[in-house]
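A.B. asks: Take a look at the following structure, please.
There are 2 protein chains.
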Amino acid sequence: MTFNTTLEGIKTYEAGKPIELVVREFGIASSDIIKLASNENPKGCSPKVQEAVRHMISKMALYPDDSMFALKRALASRFDVNDNELIIGAGSDQIIEFLIHAKANNNTKVLMSAVTFAMYEIYARHVGAEVIRTPSYEHRFDEFYAAYQTYKPGIIFICTPNNPTGDAVDREALYQFLKKIDSDTLVVVDGAYMEYAAFKDPTKAVVPKELIGRFANVIYLGTFSKAYGLGGMRVGYGIAGENIIAALYKLRPPFNITTLSLEAATVALRDNAFVEESVAECFDEMKHFETFAARAGIEAIPSYTNFVTLQLHKEQNSSDLAFALLKKGIIVRDLSSYGLNAIRVTIGTPEQNRRFFEQFTTVL
Amino acid sequence: MTFNTTLEGIKTYEAGKPIELVVREFGIASSDIIKLASNENPKGCSPKVQEAVRHMISKMALYPDDSMFALKRALASRFDVNDNELIIGAGSDQIIEFLIHAKANNNTKVLMSAVTFAMYEIYARHVGAEVIRTPSYEHRFDEFYAAYQTYKPGIIFICTPNNPTGDAVDREALYQFLKKIDSDTLVVVDGAYMEYAAFKDPTKAVVPKELIGRFANVIYLGTFSKAYGLGGMRVGYGIAGENIIAALYKLRPPFNITTLSLEAATVALRDNAFVEESVAECFDEMKHFETFAARAGIEAIPSYTNFVTLQLHKEQNSSDLAFALLKKGIIVRDLSSYGLNAIRVTIGTPEQNRRFFEQFTTVL
């Protein structure tokens, strides 16, 4: 069986056995495993969301409302935009997929930071587009602009705060950059961790309504997977001008969100106190990471997210360290595949973080 | 903003307001609305599944196991195939999307029945492929073979039982047809309603292991949305040889199933008694539809599914009839957009079906 040639350039994501099973093979009890690898909210999600989903369990046989009426109303109200400026995806990942399939093809260049969210490149490869990266892992707009002038990309990805490094751009610097980009280049501002950045430093806070009001070629992405604590439910959203949304809608499969996910996200938007608490507690705990890193002589990249990226010394090896932690039952993300000698650690509960510090000290 | 030219050929699926809201505008109480439009299981899903999902509600913050270890084991055991002969999608829809993106492009022809599942054409248009249809709404293999010889399609869709008509092909006739198809043409056997067909007539039952064992160019699709009563949870699966599955895996986004959906589907496979009861009750009730149709002088297409398609007289109009029923609070599927003067009605609970018969009589 032959397939499209674009498939040749795509590496399969090999999931293998659940990492929890691997860790148990080291003789560690399930209850002792700490996962600080996927930037999930350690508080879980709002109890109000849990209650609402519990009431919907008897409705699992029913297809979701494909107009997403209630969730769109809630999002439109939260962001002060219109329904037709919104699209909802199975995670913001799915909206990235729509964007690339709508705008890019095997003649397109897609520009992104040297180290950024892996799915941008993966989806770009699906359509045979060429990926261009800036030299620095930070989003440096001078580098982005130079690459823009050289390569004339069809799509530019700005991930702020950036995953997996945690740094964020200044809103005003972003706007200055966007002013120089032509109107047929689609710019994606991925704010998956924006709730964290906005709390820590208001000058980093990108406001979707303002962004899309000023720039017709920009889409803002948000997610329920991080601050809202719904990573398992796969709900993200895109906010953009009507014509961009209409193009993406053509690629949206019907029923792309489950019945329970729709309910969870809708109710989650009503409990902002939960999100605010989650974010505040995250930054309280992050201080301990900063103190710990300083004492251990490790560089922690200043983070505007719910994770911290620890850059190791030359004599340390991130893969070895991550494996040593795995054998202790602590799962973190090794960033060697991103070209960094670093590990990314989710800010967990106080108890989880304490155990991380203890164990990390023993393997350093 | 310009987009890929393939988008021009795609019509957006306009979901509009939830139909329940529309019906309420006719002054009908929410509790009086009967939806027989989406072939959902009127029994809901297994109580064991509900119980298992209830226990997982506290885990909504956690990303699903992306290896789908437990669900793959359960499916592999059920169908006596290997893990690497399985792929799981957000509904079998998503696997159709993978298939088309893997195999088709703007030089490909895709062959299907005159009247069949709408998503085949929609996804084919995403990649600019040309859709070829046989003349008859039934799957007639002589017509499929003639079209195959003329057009040399890259993909052939066999939907058995067929949605939205309810008819099914004989397994042996399918095998005879497949023998004549070259090994580089991908044949999709979509068995979304196969549990129903297999119960009603064993000669219609396509067994995935046998199918893929005999034909290396064939993929079998199944779903949890119908007999398993999990339409709202978006889980389907594909069974095929390792090389087809490996190609599709390249296009699978990570975490394409929610944490709760994964649990629901895994537990659903353990409660086969629920599926058997659902299917048996469906056919018990279907007899009443057949009797009703015969008395009303309407042709009911013999159905191997959980719905029945009623072909109306020339002097009747399916759109008018569906709208008249809507005003009575009964939602059915008008098939005029498929070129049929027919309505498709899901077999509901005995009470729902009785109300359908009463109301349908008044609007005929």
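Protein chains in written order, with numbering that gives the first Met the number 0: chain A, 0 to 363; chain B, 0 to 363. Note that beta-carbon positions come from the ideal geometry of N, C-alpha and C, so glycine has one too.
(1) Among the residues of its own chain, which have a CB less than 8 Å from the CB of A:GLY90, if the five just before and after it don't count?
(2) In the DSSP output, what is A:ILE238 paired with across the bridge?
(3) Name, going along the chain, the residues of the segment 44-55 of chain B whose beta-carbon falls closer than 8 Å to a beta-carbon of chain A.
(4) How about B:ILE300 and B:LEU311: do their beta carbons lie closer than 8 Å?
(5) Hey, is the segment 151-170 of chain A in contact with the segment 178-195 of chain A, meaning 3+ C-beta pairs nearer than 8 Å?
(6) Note down, in chain order, each residue of its chain lying with its Cβ closer than 8 Å to the Cβ of A:ALA101, except the 5 sequence neighbours on either side.
(7) Below 8 Å CB to CB, which residues in the same chain sit around A:LEU261 once its five sequence neighbours on both sides are set aside?
(8) Is there a C-beta anywhere in chain B that falls below 8 Å from the one on A:LYS58?
(9) Looking only at its chain, what residues have a beta carbon closer than 7 Å to the beta carbon of B:ALA103, apart from the 5 residues adjacent to it on each side?
(10) If B:LEU309 and B:VAL344 are in contact, beta carbons under 8 Å, what's the gap, nearest whole angstrom?
(11) Once the 5 residues before and after A:ARG213 are set aside, which same chain residues still bring their CB inside 6 Å of it?
(12) DSSP state of A:PHE116, grouped into three classes?
(13) Considering only their Cβ atoms, is the gap separating B:THR360 from B:LYS58 smaller than 8 Å?
(14) For the segment 88-118 of chain B, list every residue whose C-beta sits within 8 Å of some C-beta in chain A, in sequence order.
(15) Please list, in chain order, the chain A residues whose beta carbon lies closer than 9 Å to that of B:THR258.
(16) Could you pull the start and end residues of the alpha helix (DSSP H) that A:GLU50 belongs to?
(17) Of all the CB atoms in chain B, is at least one closer than 8 Å to the CB of A:PRO152?
(18) Mind checking the segment 162-180 of chain A against chain B and listing, in chain order, the residues whose C-beta falls within less than 8 Å of any C-beta there?
(19) So that I know if they touch, is there some Cβ in chain A lying closer than 8 Å to that of B:ALA263?
(20) Rounded to the nearest angstrom, what separates B:ILE330 and A:GLY230 at their Cα positions?
(21) Between which residues of its own chain and B:ALA117 is the CB-CB distance below 6 Å, once the five residues before and five after are set aside?
(22) Please state whether DSSP places A:ARG139 in a helix, a strand or coil.
(23) Taking 8 Å as the CB-CB cut-off, is A:LEU339 touching chain B?
(24) In whole angstroms, what separates the C-alpha of A:ALA272 from that of B:PHE254?
(25) Could you run through the segment 60-73 of chain A and flag, in chain order, every residue whose CB is less than 9 Å away from some CB of chain B?
(26) Looking at the C-beta of A:ASP319, does it have a partner C-beta in chain B at a distance below 8 Å?
(27) Quick one: Cα of B:SER37 to Cα of B:GLY347, how far?
(28) Going straight from the alpha carbon of A:LYS199 to that of A:ALA28, what length do you get?
(29) With a Cβ-Cβ cutoff of 8 Å, do A:SER75 and A:THR265 count as a contact?
(30) Taking the alpha-carbon positions, what's the B:ILE121 to B:ILE9 distance?
(31) Bridge partners for B:THR308 per DSSP, in chain order?
(32) By the criterion of Cβ-Cβ separation under 9 Å, what are the contact partners of A:ALA123 in chain B?
(33) If the criterion is Cβ atoms closer than 8 Å, does the pair A:VAL48 and A:TYR337 meet it?
(34) My parser needs the alpha helix (DSSP H) runs of 4 or more residues fully inside the segment 140-165 of chain A; what are they?
(35) Short check: CB of A:TYR219 to CB of A:ILE244, under 8 Å?
(36) Out of A:LEU363, A:ASP92 and A:TYR119, which has the shortest C-alpha to C-alpha gap to A:GLU314?
C.D. replies: To lay it out plainly:
(1) Closer than 8 Å at the Cβ level, and outside the excluded window around A:GLY90, lie THR222, SER224, ARG233, VAL234 and GLY235.
(2) DSSP output for A:ILE238 lists A:LEU85 and A:TYR219 as bridge partner(s).
(3) Answer in chain order: CYS44, VAL48, GLN49, VAL52 and ARG53.
(4) The criterion of a C-beta distance shorter than 8 Å is not satisfied by B:ILE300 and B:LEU311.
(5) Touching, yes, given that three or more Cβ pairs across the two stretches are closer than 8 Å.
(6) Cβ within range, chain order: ALA246, LEU247, LYS249 and LEU250.
(7) If we look at A:LEU261 and ignore the five residues flanking it on each side, its Cβ neighbours are PRO63, ASP64, MET67, ALA69, LEU70 and VAL234.
(8) At a cut-off of 8 Å between beta carbons, A:LYS58 contacts chain B.
(9) Here the set comprises VAL109, ALA123, VAL126, ALA128, GLY153 and ILE154.
(10) Contact between B:LEU309 and B:VAL344 holds, since their C-beta atoms are separated by about 7 Å, short of 8 Å.
(11) Within the same chain, A:ARG213 has no close Cβ partners at all.
(12) Look at A:PHE116 here: in three-state DSSP terms it is coil, with no helix or strand label.
(13) No, the Cβ-Cβ distance between B:LYS58 and B:THR360 is not below 8 Å.
(14) Among the residues of the segment 88-118 of chain B, those with a Cβ less than 8 Å away from any Cβ of chain A are ALA89, GLY90, ASP92, GLN93, GLU96, HIS100, ALA101, LYS102, ALA103, ASN104 and MET118, in the order of the chain.
(15) Within chain A, the residues near B:THR258 are GLY230, GLY231, MET232 and ARG233.
(16) Segment 46-55, the alpha helix (DSSP H) holding A:GLU50.
(17) Not a single CB atom of chain B sits nearer than 8 Å to the CB of A:PRO152.
(18) Answer set for the segment 162-180 of chain A: empty.
(19) Yes, contact with chain A.
(20) Taking the straight line joining both Cα atoms gives about 34 Å.
(21) Result list for B:ALA117: empty, nothing under 6 Å.
(22) Correct three-state label for A:ARG139: coil.
(23) No - not a single Cβ of chain B is within 8 Å of the one on A:LEU339.
(24) Their backbone Cα atoms lie some 28 Å apart in a straight line.
(25) For the segment 60-73 of chain A, which is checked against every Cβ of chain B, the residues closer than 9 Å are ALA60, LEU61, TYR62, PRO63, ASP64, ASP65, SER66, MET67, PHE68 and ALA69.
(26) The Cβ of A:ASP319 sits no closer than 8 Å to any Cβ of chain B.
(27) The straight-line gap separating the alpha-carbon atoms of B:SER37 and B:GLY347 is approximately 11 Å.
(28) Note on geometry: alpha-carbon atoms of A:LYS199 and A:ALA28 lie some 36 Å from one another.
(29) The sequence given here places Ala at residue 75 of chain A; Ser does not occur at that position. Contact: no.
(30) Between B:ILE121 and B:ILE9, the C-alpha separation is close to 7 Å.
(31) According to DSSP, B:THR308 bridges with B:ARG343.
(32) For A:ALA123, there are no C-beta contacts with chain B under 9 Å, since the nearest C-beta of that chain is about 13 Å from it.
(33) No; because the gap between Cβ atoms is not below 8 Å, this pair is not in contact.
(34) Listed in chain order, the alpha helix (DSSP H) elements of length 4 or more contained wholly in the segment 140-165 of chain A are 140-150.
(35) Going by C-beta atoms, A:TYR219 is not nearer than 8 Å to A:ILE244.
(36) Comparing Cα-Cα distances from A:GLU314 to each of A:LEU363, A:ASP92 and A:TYR119, the minimum goes to A:LEU363.
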